[in-house]
Structures are given as C-alpha cells and as structure tokens.
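Residue numbers (full-length UniProt numbering): 1 to 104. All C-beta atoms, glycine included, are put in the ideal place defined by N, C-alpha and C. Everything numeric in this text was worked out from a predicted model, so none of it was measured.
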C-alpha cells in the first residue's frame, strides 16, 4: 500500500513538471511582454505582429552573430533548459530589449 502511494505521488509530481509554451509578440517596436519567467524545459515563441517591419531576437550571450530576421507573421522558437537570466534585443532596433528568466 505504501508503494502505491509513493508511485501515485511520483506521478502527480511528473504531471506538474510538463513543459509549457509561452508567447511573446513583436509589435510597435516592442517585445510584449518584455520580461517573462519560465521553467527550465519551457519553450518561448516570438511572433512578429508588425505589418511591414522585420526584427530579430538576439541573445548576444548565446550567439555573437545576429540571427536571421523575423518578417511579419513569422515566428522564432527557443527552448530553455538551463536556469538563468537571459537578455535579448532586436539587432536592427537595439532599443528593443527583453529578458527571459529561467527557473528550475
């Protein structure tokens, strides 16, 4: 009986740690929301909601070279496995900044 409850407890814990997908919109020269907090293993999807303007989602601490541009209605997807605070910006518009806080 104890083994049953131990296994039941583990399965409940496993259900609570499923990865989630979070969404950030790029519009009006801003990342919305500008800051998000996620769990390790979660995914973030950035969607360019501008009508004409391209942007990038550039984590300089992860990649010294600017990534490809995100054109209107396109997305960028990243999964974060390690805890930490990561800042990013738009290459063509460096005043556009955001951050992702990854917690365990």
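Task: Identity of the residue in 31, 90, 43 nearest residue 49 by Cα - done: Among 31, 90, 43, the Cα nearest to that of residue 49 belongs to 31.
Task: Outcome for residue 102 when other beta-carbon atoms lying within 10 angstroms are tallied against a minimum of 16 - done: Buried.
Open item on the list: Starting from residue 37, trace the beta strand (DSSP E) in both directions and tell me its first and last residue.
Closed with: First-last of the beta strand (DSSP E) with residue 37: 35 to 39.
- [ ] Check the DSSP bridge columns for residue 48 and list the partner residues they point to.
- [x] In the DSSP assignment, the residues bridged to residue 48 are 26.
Task: Beta carbon of residue 79 nearer than 9 Å to that of residue 41 - done: Closer than 9 Å, so yes.
Task: Cβ pair residue 98, residue 55 closer than 9 Å - done: The beta carbons of residue 98 and residue 55 sit no closer together than 9 Å.
TODO: With residue 98 as the anchor, note down where its beta strand (DSSP E) starts and where it stops.
DONE: From DSSP, the beta strand (DSSP E) with residue 98 extends over 97 to 103.
TODO: Determine the DSSP secondary structure at residue 88, reduced to helix, strand or coil.
DONE: Looking at residue 88 - three-state DSSP - the assignment turns out to be strand.
Task: residue 57 in three-state terms, based on DSSP - done: Looking at residue 57 - three-state DSSP - the assignment turns out to be coil, as it is neither helix nor strand.
Open item on the list: On the criterion of 16 or more Cβ atoms from any shown chain inside 10 Å, does residue 45 qualify as buried, or is it exposed?
Closed with: Exposed, by the Cβ-count rule.
Open item on the list: Between which residues of its own chain and residue 104 is the CB-CB distance below 6 Å, once the five residues before and five after are set aside?
Closed with: These residues qualify, in order along the chain: 40, 83.
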